[in-house]
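Peer 1: Please read through the structure below; I'll follow up with questions.
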Amino acid sequence: MIRINITSVPVQDQDRALKFYTEVLGFVKKTEVSLGEYKWLTVVSPSEQNGVELLLEPMAFEPARVYQKAAKDAGIPYTSFAVDDLESAYQRLVGLGVQFSMAPTEMGPVKVAVLDDTCGNNIQLCQML
């Protein structure tokens, strides 16, 4: 069976992304391997440390920069993360200074909010209702 092992989010600055994704969002650093100018840098959920890894991928490919900016400017989330209690997560992150372009909003069977990850992306938080 095919399953997701690693997925990625493009970031403009890997060190800033690592700080935001760990210290603010609460992920845990899994792997950091220097590859010259960039690194192989992944984070995981603290509750699933052997689960899917999120690669904080450097923006070294110009077409990716164009796509990232277009998606951000259009308000389109690059990816979505699940939370158990969106309202609590939203309040905690607002308290830490995170900027949201969309407050928690019910959309059918889910409630979603969209935040700025400070690294060029809109990220959606999603709670199943």
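Okay, so the sequence shown: first residue is 0 according to numbering that gives the first Met the number 0, each after it adds one. Just so it is clear, CB atoms sit at the ideal spot from N, CA and C, and this is done for glycine as well. Predicted model only: the values in this text are computed from it and were never measured.
Mapping the DSSP letters down to three states, classify E61 as helix, strand or coil.
Peer 2: If DSSP states are grouped into helix, strand and coil, E61 belongs with the helices.
Peer 1: Return helix, strand or coil for F99, following the three-state DSSP convention.
Peer 2: Three-state result, F99: strand.
Peer 1: By the three-class DSSP mapping on this structure, what secondary structure does T6 have?
Peer 2: Correct three-state label for T6: strand.
Peer 1: Would a C-beta distance cut-off of 9 Å place L53 and I1 closer than the cut-off?
Peer 2: Contact flag unset, no.
Peer 1: Tell me whether D84 is buried or exposed, calling it buried when 16 or more other Cβ atoms sit within 10 Å of its Cβ.
Peer 2: D84 comes out exposed.
Peer 1: Quick check: the stretch 57 to 68 against the stretch 6 to 14, are at least 3 beta-carbon pairs closer than 8 Å?
Peer 2: The answer is yes - the stretch 57 to 68 touches the stretch 6 to 14, with three or more Cβ pairs under 8 Å.
Peer 1: At which residues does the alpha helix (DSSP H) containing L167 begin and terminate?
Peer 2: The chain is shown from 0 up to 128; residue 167 falls before or after that span and cannot be answered.
Peer 1: Which of the three DSSP states, helix, strand or coil, is assigned to F19?
Peer 2: DSSP places F19 in helix when its eight states are reduced to three.
Peer 1: Between which residues of its own chain and N49 is the CB-CB distance below 7 Å, once the five residues before and five after are set aside?
Peer 2: Answer for N49: no residue qualifies.
Peer 1: Assign D72 to one of three DSSP states: helix, strand, or coil.
Peer 2: Residue state, collapsed to three classes: helix.
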